[in-house]
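Chains as they are written, first to last, in the working numbering: chain A, 856 to 1108; chain B, 856 to 1108; chain C, 856 to 1108; chain D, 856 to 1108. First comes the structure, then the notes that go with it.
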């Protein structure tokens, strides 16, 4: 169980910029995430980009900044690892290793993060069925590592008003058929910041264990995925909304 | 605006069996829908079935039963029309004319329901983009009929743990880009009664105006789509949950 | 069997403009189709258009022009019917009734063209499985009409370098599992005239019974789908290529 | 250009079993491939399998057998590499490094095979657009390696009569918009040996540079993907058909 590593309240919130760009951007975001009640800081140091000519991330420098920000603001750090040879170094700096959609069936990488013993956030592949996703998790479990969080981030369909199609039905399906945790990333799914909060609410209502949200101090200047990033203000306001709902539920029961 | 016809509280709930099978089944369901607080009775008299050898519905007899049940239990009636030549008779018995997914781009039918002046529930086609859906609504509007409710019921993708993929992101998208009402049908979308209520909650959280739910006194004996039907008890319990949430929201504001 | 109506050599070629625009455009095309060795003239009199504000076809006037051109150039005429109420009049002017993709599961219309006894060209729906397509053909057969030609015209997927994804594997699959004729429409599938001829060659190599091709005297001035139309010259040259291949095969065997 | 490495006649044929199972199976297949006129021997030593509990390939032993068979029968060897750490050893034994669909956007691996200088066969991802596929090739080119063969192997769609949907329109599209070689794999695309040869013919007619075919001495006993494998006899007969077509074309011109 994931909870062996960090006792977790649910719903938990993983937030941060798509990519670590510089100290100022990261620390400003991390402070806001912490003050708003977020639990994990996310940020990409190694970025999987469609084109080799796009910004590829800060690499090791990015990892150092993430670890420093995590320590300073008392946030666990989640970041993506893309190469078996990088698992060791990423595991040194991060608390949770993220496997991105494009690598959901990179079986060598799954085995290696399995061996690391670190908690793993396993994003669903863009065209993966639920069965294939759970089988990918099996690769991690087969190495003795059961600290797995699944992350639904949208699938590829013909539907073109959003970047991907958020398949929220996986949330109750996974809760019924598996004991893994599941979080939802409405930022990558929609690619449109105006849809992120309604879909985050829907994800919580469907019963997910947590959310993964992109937040940036200046979305319009982000080096990647600015269109889908919440501002610090939008994020803070939404976190207050979540807290009040959770409190209400507690009062009722 | 739809509200010109019937003043509507939101979220409103349209419920009933997939197909009208007989008086007992329909009236038992209608009573439960009314007692639980539902607003519309749905039921198919003309059924669009993949195979010509499957049950095709009761036809005119089904319309008569629907109208009688609607009157008895004071519920508005929603039912599907599939042929331009049937619009007149269906409009005589039903309050709202449903255009099914397979007919979303049956332009002759769209024009005819437009001319009828009756409110129209327009289901999204299985592979329709939002633009195509809104253009289909334009065909109805072009006849002077603005009483349109859009209904998201899942799209066709590779994802196979559900019958269709419920694309909930259309809810905030439509609310932002159109003034039409939008309801969500989690029954046809998931094809699995164990997923219907979580997805109905998600749909409400995403901001939809209403829900369309399949309810049957004995789902295991239904002539069609039994696997996705709620029992009367499940429906009643869920309606109580919705009412209490709406009340809470009212108290807060 | 389709051959009961017209003895057909295969592969047969159905060609013509997307829409009948005027006498000059239609007759110029029909003459070229005939001279190049085509067997059927196609052209839309009633056009299914996404938006009600796009050109909707010439209607009855279009049917009259088609029948006149068919007679003059000794070509059988294929045209689409979209409304049960129009089946009678379309059947009066056309030799083959086309059911478009959007109406593949318009069951009332399938029954009506079944009753007409006319040969039916049944296009695959944009998101129809092969099973659903064959079941749609069953609706026509159930009325005693076995004169059916299936037409693959591309399905809706995420793949965006073409308008639809031409699913050619249906050709050998249908030939193996059904006795219906199958033709391929690479014009609507690709939406790009530069891809039409290579895909037409591929369709023939896969074993289809015929082709459906859009041809226009001035594609750049077409009222619809100009981008995918072959010029008369391109069509004539391709027909010569087909004839020489067929002759070669005959010599070999 | 790929031709810098091995002067290639087109269409060229890459054939062999899905997985290297043992010496007898591989050598029997290799002999048949050579005698029938094939150019490359394919076979998996490292197998990407959905479940960790399925046969994972023979690993280094498989590479040794492939190299030995290639030498004995004078066939170039194509095999998949799945881990950046294995590129060196696979490059030692194989002539062409295959990147499988699941790794099309494994950017670390793309860079590493780019650095190897070996020719690379880059399969299209199951949900990759053509643009993403060409961008993946850019990652290889950016390391100075232009020896790239693209391989279309079917995309993931709702269409369920085949395992994947073979998107043959990429062939003329790639020939028009890129100078890379493109081959087609109808075995993985269809998952059904009865459809492989018709689709191989279609691929050649569409203009591809070569084919990749699964061949097995006893498909019904194959450790993986037996249903889509041709027998040695089917393969031999098809190769004779290709040769006679190519000869005919030569006579004509």
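All C-beta atoms, glycine included, are put in the ideal place defined by N, C-alpha and C.
Tell whether a beta-carbon distance below 9 Å holds between residue i and residue j.
i	j	result
residue 984(B)	residue 1019(B)	no
residue 1068(A)	residue 868(A)	yes
residue 1032(D)	residue 964(D)	no
residue 819(B)	residue 907(C)	No information on residue 819(B) is available, as it lies outside the stretch 856 to 1108 that chain B covers here.
residue 921(D)	residue 948(D)	yes
residue 896(B)	residue 925(B)	yes
residue 1004(D)	residue 996(D)	no
residue 1017(C)	residue 1059(C)	no
residue 1070(A)	residue 903(A)	no
residue 1095(A)	residue 887(A)	no
residue 973(B)	residue 992(B)	no
residue 889(D)	residue 930(D)	yes
residue 944(A)	residue 975(A)	no
When you compare only the Cα positions, how much space is there between residue i and residue j?
i	j	result
residue 934(B)	residue 1021(B)	22 Å
residue 1061(D)	residue 1087(C)	22 Å
residue 1073(B)	residue 982(A)	36 Å
residue 858(B)	residue 865(B)	With a pLDDT of only 46 at residue 858(B), under 50, the local geometry of the prediction cannot be trusted, and the value read off the model is given with reservation. Taking the straight line joining both Cα atoms gives about 11 Å.
residue 893(D)	residue 901(D)	23 Å
residue 1097(A)	residue 977(A)	24 Å
residue 932(C)	residue 951(C)	6 Å
residue 942(B)	residue 957(A)	49 Å
residue 905(A)	residue 1043(A)	14 Å
residue 1006(D)	residue 911(D)	22 Å
Helix or strand or just coil, what does DSSP make of residue i?
i	result
residue 873(D)	coil
residue 959(D)	coil
residue 916(B)	helix
residue 910(A)	coil
residue 897(A)	strand
residue 1079(A)	coil
residue 858(D)	The predicted model places residue 858(D) with a pLDDT of 46, which falls under 50 and marks its position as unreliable; any figure quoted below should be read in that light. Of the three classes helix, strand and coil, the one that applies to residue 858(D) here is helix, per DSSP.
residue 934(C)	strand
residue 1089(D)	helix
residue 1073(D)	coil
residue 866(D)	coil
residue 884(C)	helix
residue 1009(D)	coil
Using only CA atoms, which one of the options lies nearest to residue i?
i	options	result
residue 987(D)	968(D), 959(D), 1013(D)	959(D)
residue 1172(B)	990(B), 907(B), 1063(B), 931(B)	As shown, chain B starts at 856 and ends at 1108. That puts residue 1172(B) outside it, with no answer to give.
residue 1080(C)	863(C), 876(C), 864(C)	876(C)
residue 966(B)	896(B), 1000(B), 929(B), 1091(B)	1000(B)
residue 919(B)	899(B), 1006(B), 1028(B)	899(B)
residue 1052(D)	1085(C), 1024(C), 954(C), 1032(C)	1024(C)
residue 1089(D)	878(D), 863(D), 874(D), 884(D)	884(D)
residue 1009(D)	903(D), 888(D), 1030(D), 980(D)	980(D)
residue 882(B)	923(B), 915(B), 939(B)	923(B)
residue 874(D)	1093(D), 1076(D), 1100(D)	1076(D)
Report yes or no: is there a C-beta of chain B within less than 9 Å of the C-beta of residue i?
i	result
residue 994(C)	yes
residue 941(C)	yes
residue 1024(C)	no
residue 938(C)	yes
Give a yes or no on whether 9 Å exceeds the smallest Cβ distance from residue i to chain A.
i	result
residue 1183(D)	Because chain D in this structure spans residues 856 to 1108, residue 1183(D) falls outside the shown range and cannot be described.
residue 908(D)	yes
residue 1012(C)	yes
residue 948(B)	no
residue 1086(B)	no
Does the CB of residue i have a neighbour CB from chain C at under 9 Å?
i	result
residue 1065(D)	no
residue 957(A)	no
residue 1005(B)	no
residue 1033(B)	no
Please decide whether residue i counts as near chain D, where near means a Cβ-Cβ distance under 9 Å.
i	result
residue 927(C)	no
residue 873(A)	no
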